[in-house]
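One line per chain: the protein sequences are A and B, in this order. So the first sequence is numbered by this note's numbering: it starts at 1 and just counts up by one. So the second sequence is numbered by this note's numbering: it starts at 1001 and just counts up by one. Have a look at the structure below before the remarks.
Number of protein chains: 2
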Amino acid sequence: MAKKFTSSLSEEALLLVAGRFAVLGEPMRLRLIQHLFAGEMNVSQLVDATGGTQANVSRHLHTLTAAQIITRRKEGLQVYYRISDPTIPQLCNLVCGSMEQQLTRQASAFGP
Amino acid sequence: MAKKFTSSLSEEALLLVAGRFAVLGEPMRLRLIQHLFAGEMNVSQLVDATGGTQANVSRHLHTLTAAQIITRRKEGLQVYYRISDPTIPQLCNLVCGSMEQQLTRQASAFGP
DNA sequence: TAACTACATGCGTATATACTTATATACTTG
DNA sequence: CAAGTATATAAGTATATACGCATGTAGTTA
Chain A
1 MAKKFTSSLS EEALLLVAGR FAVLGEPMRL RLIQHLFAGE MNVSQLVDAT
51 GGTQANVSRH LHTLTAAQII TRRKEGLQVY YRISDPTIPQ LCNLVCGSME
101 QQLTRQASAF GP
Chain B
1001 MAKKFTSSLS EEALLLVAGR FAVLGEPMRL RLIQHLFAGE MNVSQLVDAT
1051 GGTQANVSRH LHTLTAAQII TRRKEGLQVY YRISDPTIPQ LCNLVCGSME
1101 QQLTRQASAF GP
């Protein structure tokens, strides 16, 4: 059984969890993740898809890889990345739904 | 039906989602959230519980309130905060479980 | 081997933000 | 009203990090 965050956690574990949230807290990284939901892509494809510079995309991919959110697969000259952590889509959808609900509720405060 | 992050999202929505992750990406804020899982607490109690300064705790509580993760209830001289977004515990536990699994897998790479 | 392509990385700069100190505000009580 | 308490905020500093530019490295092809 997995240890639950809600029932007290060591400071060290808390820092790890915060680190993971922080990794997901950058728009460019989230953009990369979003594109990777469609399936495996190489760096050039991600550069085109996101409109970022090659250097910046590469760096963020490194960060995501270090966080074990995505994995690297080298094929000749290209490097393909894909999402390796199955909780990432759940996580994103959970947040997305929560945000939508918040905004809907706020919007309804201005009328029916 | 809530819009899913996994099926393409507007840039604006993506920024909002990133912002929420970023809010959860600070250790002190996560520490406050963790203590609030036990129930409603006022600022002084949170200062004691976390060991932070009053000013810093107050600022982070403001950030969490702005993100609609917690709500403020003023009672006389004290201000009580509590978690208002029900997805927060789910979110934290999801990440926590994922981290644990990662580390367990890594640990097992060093032998049985 | 030379030239080329895809990706990674070192370094500098700009910017965001966490934290501290000091002070302000809001409420209570004498 | 004065003094005290709980919380918020303003201003300054320190630090982290995202980004751009330049360059390095790995692999391919001529």
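Where a beta carbon is used, it is the ideal one built from N, C-alpha and C, also for glycine.
Span of the alpha helix (DSSP H) around residue i
| i | result |
| --- | --- |
| E1011 of chain B | E1011 to L1024 |
| Q106 of chain A | T87 to S108 |
| A49 of chain A | V43 to T50 |
Beta carbon of residue i nearer than 7 Å to that of residue j
| i | j | result |
| --- | --- | --- |
| F1021 of chain B | F21 of chain A | yes |
| Y1080 of chain B | I1070 of chain B | no |
| L1030 of chain B | L32 of chain A | no |
| L94 of chain A | T1087 of chain B | yes |
| G25 of chain A | G1025 of chain B | yes |
| R72 of chain A | T65 of chain A | yes |
| Q1102 of chain B | Q68 of chain A | yes |
Beta-carbon neighbours of residue i, restricted to chain A and to distances below 8 Å
| i | result |
| --- | --- |
| G1039 of chain B | Those do not exist, as G1039 of chain B stays about 12 Å from chain A at its closest Cβ, beyond 8 Å. |
| S1108 of chain B | Those within 8 Å of S1108 of chain B in chain A number zero; the least Cβ separation is about 14 Å. |
Straight-line Cα distance separating residue j from residue i
| i | j | result |
| --- | --- | --- |
| V17 of chain A | L1091 of chain B | 11 Å |
| G42 of chain A | L61 of chain A | The question names Gly, but residue 42 of chain A in the sequence shown is Asn. The alpha-carbon atoms of N42 of chain A and L61 of chain A are separated by roughly 10 Å. |
| G1019 of chain B | M1028 of chain B | 16 Å |
| K74 of chain A | E1011 of chain B | 30 Å |
| P89 of chain A | G39 of chain A | 12 Å |
| G52 of chain A | E100 of chain A | 27 Å |
| S1058 of chain B | Q106 of chain A | 24 Å |
Range of the contiguous beta strand (DSSP E) that encloses residue i
| i | result |
| --- | --- |
| Q1054 of chain B | Unbroken run through Q1054 of chain B is the alpha helix (DSSP H), Q1054 to A1066; no beta strand (DSSP E). |
Those residues which DSSP pairs with residue i across a bridge
| i | result |
| --- | --- |
| E75 of chain A | A:Q78 |
| I1033 of chain B | Paired residues: none, contrary to the question. |
Closer than 7 Å at the beta carbon, the chain A residues around residue i
| i | result |
| --- | --- |
| E1026 of chain B | A18 |
| D1085 of chain B | S98 |
| L1077 of chain B | The premise fails here: L1077 of chain B is roughly 29 Å from chain A at the closest Cβ pair, so nothing lies under 7 Å. |
| V1043 of chain B | The premise fails here: V1043 of chain B is roughly 20 Å from chain A at the closest Cβ pair, so nothing lies under 7 Å. |
Chain-ordered neighbours of residue i on chain B, where CB pairs are closer than 7 Å
| i | result |
| --- | --- |
| L15 of chain A | P1027 |
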